[in-house]
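Quick note, the sequences are listed as chains A and B, same order.
Numbering-wise (UniProt numbering), the first sequence opens with residue 1 and increments by one.
Numbering-wise (UniProt numbering), the second sequence opens with residue 1 and increments by one.
Where is the CB? At the ideal position from N, CA and C, for every residue including glycine.
The next block holds one structure in the form of structure tokens; read it before the comments.
There are 2 protein chains.
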Amino acid sequence: MNVPNPKITTGALPASRKIYVNGEVHQDIRVPMREISTHPTAGEAPLPVYDSSGPYTDPDVLTDIRQGLPQLRRQWIEARGDVETYQGRDVKPEDNGFVAGDRLTPEFPVKPAPLRGKEGAAPTQLAYARAGIITAEMEYVAIRENQLRELSPCHGTRDGNDFGANIPDYVTPEFVRSEIAAGRAIIPANINHPEIEPMIIGRNFLVKINANMGTSAVTSSMEEEVDKLVWSIRWGADTVMDLSTGRNIHNTREWIVRNSPVPIGTVPIYQALEKVNGIAEDLTWEVFRDTLIEQAEQGVDYFTIHAGVRLHMVPMTVERVTGIVSRGGSIMAKWCLHHHKESFLYEHFEEICDICRQYDVSFSLGDGLRPGSIADANDEAQFAELETLGELTKIAWAKDCQVMIEGPGHVAMHKIKENMDKQLECCHEAPFYTLGPLTTDIAPGYDHITSGIGAAMIGWFGCAMLCYVTPKEHLGLPDRDDVKTGVITYKIAAHAADLAKGLPGAQRRDDALSRARFEFRWEDQFNLSLDPDTAREFHDQTLPKEAHKVAHFCSMCGPKFCSMRISHDIRAEAQKEGMEAMAAKFREGGELYVPAAEAAAAKTEPAE
Amino acid sequence: MNVPNPKITTGALPASRKIYVNGEVHQDIRVPMREISTHPTAGEAPLPVYDSSGPYTDPDVLTDIRQGLPQLRRQWIEARGDVETYQGRDVKPEDNGFVAGDRLTPEFPVKPAPLRGKEGAAPTQLAYARAGIITAEMEYVAIRENQLRELSPCHGTRDGNDFGANIPDYVTPEFVRSEIAAGRAIIPANINHPEIEPMIIGRNFLVKINANMGTSAVTSSMEEEVDKLVWSIRWGADTVMDLSTGRNIHNTREWIVRNSPVPIGTVPIYQALEKVNGIAEDLTWEVFRDTLIEQAEQGVDYFTIHAGVRLHMVPMTVERVTGIVSRGGSIMAKWCLHHHKESFLYEHFEEICDICRQYDVSFSLGDGLRPGSIADANDEAQFAELETLGELTKIAWAKDCQVMIEGPGHVAMHKIKENMDKQLECCHEAPFYTLGPLTTDIAPGYDHITSGIGAAMIGWFGCAMLCYVTPKEHLGLPDRDDVKTGVITYKIAAHAADLAKGLPGAQRRDDALSRARFEFRWEDQFNLSLDPDTAREFHDQTLPKEAHKVAHFCSMCGPKFCSMRISHDIRAEAQKEGMEAMAAKFREGGELYVPAAEAAAAKTEPAE
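Set out below in structure tokens:
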């Protein structure tokens, strides 16, 4: 059988090069960043920016989807001495929906034996943090979060409102350790996913974004999903959730995990449901447990577990305008209702923790009862579940498992902060991870925007990771373009939140781009932007010639009406006279100051 | 010479018909609304929605761009007995930039004599309101604002946080009058623009949006601008600003005004600058004054006047990252600096008021020193100007002129509320009208989104009108698609703000759409959305067949994973048993309730 070789987009972004920063505690770690160069006339050092794109954007690294990425973390994990390889679970026909022959997605060519924690060991970042150990992963994310902010001249200036968070001027490895130990942050990093470049999710760090993808029974393939993965991280996705349903789930996931430098999340109940032919009532703890182990061995970094949907909450949803809109939530509600039993996820939660602990799979406690419409926001069902999630958080923490909490959904702006405040209180400051929220229901086709508004706000209020929403939300499966639009929209929301929180150094990129804008360095303006390709393309639609890339105007105003051009004239006049002197004279209000006609003409005219 | 006939888009939106609601005080007024029908299975009355699209979407009205729109208000204006026709100003060669022959945009074919207030009269909505008169315009906007909310079952329920605004349950003509008399709202309605369907801008009313367009020296034509006008109001623009520069300004504007059912705003300094060949220093009060009269006679409804940019403020901008980014602001700053004189706009402000009063041109006091980057937000220059705008507001009010205040710009989220609070305080609650604000500088190509976030927030905080930003902002002139994207994005922001303010009835459309979504009425979901065409197109990209328009799933999840479908099963089970009984049993926790397997299968099975 031929090994498939999905087409992906590689290569550096414009004017960018990959740099690596070494660790001090762990000297072998090399933390990637992207450095954006500006035109020599700017006289500015290149700007380092956070880079989630992995080796695909480093022209010096040869990547091959059929081989998977290098296993950066393998040595770190093994050096800790608390894991063992073992004979993993065999792939079963139901793992891929009993599909065979041509319709079966080929297995990934390489299959190492999985790792697990040794008997009694807890190879989790939380356990290490509690034991006072600064892992390589912790130092890695500390360096990564700083983005070399210590080299920037504006380092130290603070502005913003962080609503009582505890954002440090500079992120030290010890700070990372203490935040993880306190449960306020997580590093999703399954020991069977050594390919990842570690990242941290927590209120005192950069706001992160997640991109959802995955095959469905109706459309898409492994090749498309691997392409979307690489495409989404190119534009800034910090984690990716593989929400595949339908057939070929196991094999598709293997291709994704082996080629992903970002943590991969899943909702294991989806695959479990496929194994029982889509009949919710037929789900059992045994099928679910087997699915957890299957996915943990593959290297999934976080699991969405809807253990907060309990039997007594189901009636709270019946009068809602949109009932239950979480897939996992509705499956579990149906199971509970049918059997008139408490959820097996809730009842077996400690056993789920035992599995997650063995592999350091983080929990993403699912909000199965999140509101699916403005009308249902912040209702009894939603908050009842949130309280249960708080209870489960404590159980998971007692088992040394890392936890984040999922949040809504559809929420009008005036109800967003209550979500954040209640989450912090109920869930003991475990990181919050929300889907939007969408601030109105009336714009299908534009729900990246309806939700980008809510995402920016809740990110500001303290939400640690924002799950993107694409323009196709409510309508269909996102394609490659939708993925990019969703990612860029959420990078905007996350960055707007970082600015408003006053995250040190966050404004450097805004300032660099604004200086480029003011100085008519068009290429720099494009290159410093979140999406240089689109910025350049839009500019070129009206002024395509290369000469216009240095023009001191654009097509919006034309040369005569360019306020920036006029501002330069004003500045030139002001500088001729000397700022202080001019201000003094202006205050006097006299006619002492008689400027030359035009800065441009100044040189050829006699001084007045 | 052939009279041009620009191509425009007409016809009703899907499942929509135009209805007209009659007045009671003024029985001849007919207020247009759009009624969206739902599928008969919904059992719901059609939903009335605010409709800014004018006669173009009424199939019973024959529109002809070469004739202009019917003069709805002519009779109302004349009946008040305080205006007179007179021999207007002749069109001068400089009004169209001295262009002639083929390059001259043809004059609009019809040219009536202009109206002005009789000697000593103030034919302004503010003067009438202060005199206790409820004009036809006031009753019109009262009916329009309510959107027949009194007929809705949820009328009366209130939810939201309006930050101390005074939003009534129901808008009466008297409430409109009192808000205008207090200066808290304006109805921009030049007596020479009798074609408009009156609308109101104020904190206690629906949040409005403005779309900018206009020719520039670099690109675009009259035909394109008329098309963009009709296109922008089709999607919901409440007012349109004609920001034309370059040649043919006068004639292009005439075509726009005569065909616009929404108020038209301009920045007269742009045309004045063209008249002095683009040399800011050559501007004079006489040229500016002549331009004001020219535009007032044509029917421009509001003028942006940058009279707040004063000589002593210019040095405050010199150390900024992006200087002065308002075109009008930079022109005036340069003039002040060059002549070392106080701004002629500031010095002649009372005379400007006298002109505006004669025609009821509203002021939009320009924020010439708004920040053009995150770094410059809320600085000394910006707030110094705001204080001057407050001073000018009082002068304009003393002259019976209506006033709104323009606001920024580029502002990080945590600094937005300060803008709103200071504006209310400095400007005595005159309506605020902001451009965005953009919440980060780093996403050229996506500034409709960076600004949509800020617009939604400031709308919630009390901003009365939001000036759209298109994806081309900072890069080029918006085309037709950009205009639509900008308008829809801002309709989202305005509506999200209405919801959060708790504007009565605002949630009706969200609820209707969410019910359609939950009941798999796909066509209703599309038709109730802000952009039915895009919603339908996105859905059809993966499931194009007509059969899928009644399918109880979509391509996102497929049939097995459709949470809504499962929710229906849950609801069906719950209803079989009776909600109250089921809830009681759930609380007891026993095994009393044994439901049938599936709601779908329920009918064929014996009752248990």
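Pairwise C-alpha distance: residue j and residue i
| i | j | result |
| --- | --- | --- |
| Arg177 of chain A | His428 of chain B | 52 Å |
| Arg184 of chain A | Asn204 of chain A | 8 Å |
| Asp95 of chain B | Lys275 of chain B | 7 Å |
| Glu137 of chain A | Pro371 of chain B | 41 Å |
| Asp531 of chain A | Trp235 of chain A | 8 Å |
| Thr9 of chain B | Cys356 of chain A | 58 Å |
| Ile395 of chain B | Gly101 of chain B | 44 Å |
| His414 of chain A | Gly323 of chain A | 22 Å |
| Gly589 of chain B | Arg289 of chain A | At Gly589 of chain B, the pLDDT of 45 sits below 50, so the modelled position is not reliable and the matter cannot be decided from this model. |
| Val594 of chain A | Val469 of chain A | With a pLDDT of 30 at Val594 of chain A, under the threshold of 50, the predicted position of this residue should be treated as unreliable, and no value is reported. |
| Ala596 of chain A | Gln575 of chain A | Unreliable positioning characterises Ala596 of chain A in this predicted model, as indicated by a pLDDT of 30, which lies under 50. The coordinate reading is nonetheless provided below. Ala596 of chain A and Gln575 of chain A: Cα-Cα distance of roughly 12 Å. |
| Asn210 of chain A | Tyr140 of chain B | 48 Å |
| residue 641 of chain A | Ile442 of chain A | Nothing in the structure corresponds to residue 641 of chain A, since chain A is present only between 1 and 608. |
| Ile293 of chain B | Gln125 of chain B | 19 Å |
| Asp540 of chain B | Glu224 of chain A | 19 Å |
| Thr172 of chain B | Ile196 of chain B | 21 Å |
| Arg327 of chain A | Asn251 of chain A | 22 Å |
| Gly390 of chain B | Cys426 of chain B | 5 Å |
| Ala494 of chain A | Phe432 of chain A | 13 Å |
| Asp569 of chain B | Lys334 of chain A | 8 Å |
Residue i: contacting residues in chain B (beta-carbon distance under 8 Å)
| i | result |
| --- | --- |
| Lys208 of chain A | Simply none; closest approach about 16 Å. |
Bridge partners - residue i, DSSP secondary structure assignment
| i | result |
| --- | --- |
| Thr85 of chain A | A:Leu115 |
| Asp242 of chain B | B:Met213 |
| Asn22 of chain A | A:Arg30 |
| Tyr302 of chain A | A:Gly265 and A:Ser362 |
| Pro48 of chain A | A:Glu35 |
| Leu435 of chain A | A:Cys467 |
| Ala280 of chain B | DSSP lists no partner for Ala280 of chain B. |
| Ala185 of chain B | B:Gly202 |
| Gly407 of chain A | A:Thr434 |
Interface partners of residue i on chain A, CB under 8 Å
| i | result |
| --- | --- |
| Thr245 of chain B | Cys557, Gly558, Lys560 and Phe561 |
| Met413 of chain B | Ala456, Met457, Trp460, Ala496, Ala497, Leu499 and Ala500 |
| Thr57 of chain B | Those within 8 Å of Thr57 of chain B in chain A number zero; the least Cβ separation is about 18 Å. |
| Ala375 of chain B | Gln507, Asp510, Asp511 and Ser514 |
Contact set between residue i and chain B, taken where Cβ atoms lie within less than 9 Å
| i | result |
| --- | --- |
| Ile492 of chain A | Thr439, Thr440, Ile442, Ala443, Tyr446, Ile449, Thr450 and Ile453 |
| Lys275 of chain A | Chain B residues near Lys275 of chain A: none, gap ~12 Å exceeds 9 Å. |
| Tyr270 of chain A | Phe561 |
| Gly323 of chain A | Phe518, Ser563, Met564, Ile566, Ser567, His568, Ile570 and Arg571 |
| Gln423 of chain A | Per Cβ cutoff of 9 Å: no residues; Gln423 of chain A is ~19 Å from chain B at best. |
Contact list for residue i against chain A, beta-carbon separation under 7 Å
| i | result |
| --- | --- |
| residue 654 of chain B | With chain B covering only 1 through 608, there is no way to say anything about residue 654 of chain B. |
| Gly278 of chain B | Lys560 |
| Asn161 of chain B | His414 |
Listed by chain order, chain B residues near residue i by CB distance under 7 Å
| i | result |
| --- | --- |
| Arg327 of chain A | Cys557, Phe561 and Ser563 |
| Phe538 of chain A | Gly445, Pro471, Lys472, Leu475 and Gly476 |
Whole-Å CB distance - residue i paired with residue j, under 8 Å assumed
| i | j | result |
| --- | --- | --- |
| Ser52 of chain B | Val262 of chain B | 6 Å |
| Val207 of chain B | Ala512 of chain B | No, Val207 of chain B and Ala512 of chain B are not in contact; Cβ-Cβ is about 20 Å, not under 8 Å. |
| Ile458 of chain A | His410 of chain A | The pair is not a contact, with the Cβ atoms about 13 Å apart (cut-off 8 Å). |
| Val267 of chain B | Thr291 of chain B | Wrong, their Cβ atoms sit about 10 Å apart, outside the cutoff. |
| Phe383 of chain A | Lys422 of chain A | 6 Å |
| Cys401 of chain A | Phe363 of chain A | 6 Å |
Using Cβ-Cβ distances below 9 Å, what residues of the region 548–573 of chain A are close to chain B?
Phe553, Cys554, Ser555, Met556, Cys557, Gly558, Pro559, Lys560, Phe561, Cys562, Ser563, Met564, Arg565, Ile566, Ser567, His568, Asp569, Ile570, Arg571 and Glu573
Any residues in the region 292–305 of chain A with a beta carbon nearer than 8 Å to a beta carbon of chain B? Which ones, in chain order?
none
Report the residues of the region 474–489 of chain B with a CB closer than 8 Å to any CB of chain A, ordered along the chain.
His474, Leu475, Gly476, Leu477, Asp479, Ile488 and Thr489
Residues of the region 504–536 of chain A with a CB closer than 8 Å to any CB of chain B: list them in chain order, please.
Gln507, Arg509, Asp510, Asp511, Leu513, Ser514, Arg515, Arg517, Phe518, Gln525, Phe526, Leu528, Ser529, Leu530, Asp531, Thr534 and Ala535
Interface residues of the UniProt domain "ThiC-associated" (13–84) of chain A facing chain B [CB-CB below 9 Å]
none
Contact set between the region 329–355 of chain B and chain A, restricted to residues whose Cβ is under 8 Å from the partner:
Gly329, Ser330, Ile331, Ala333, Lys334, Leu337, His338 and His340
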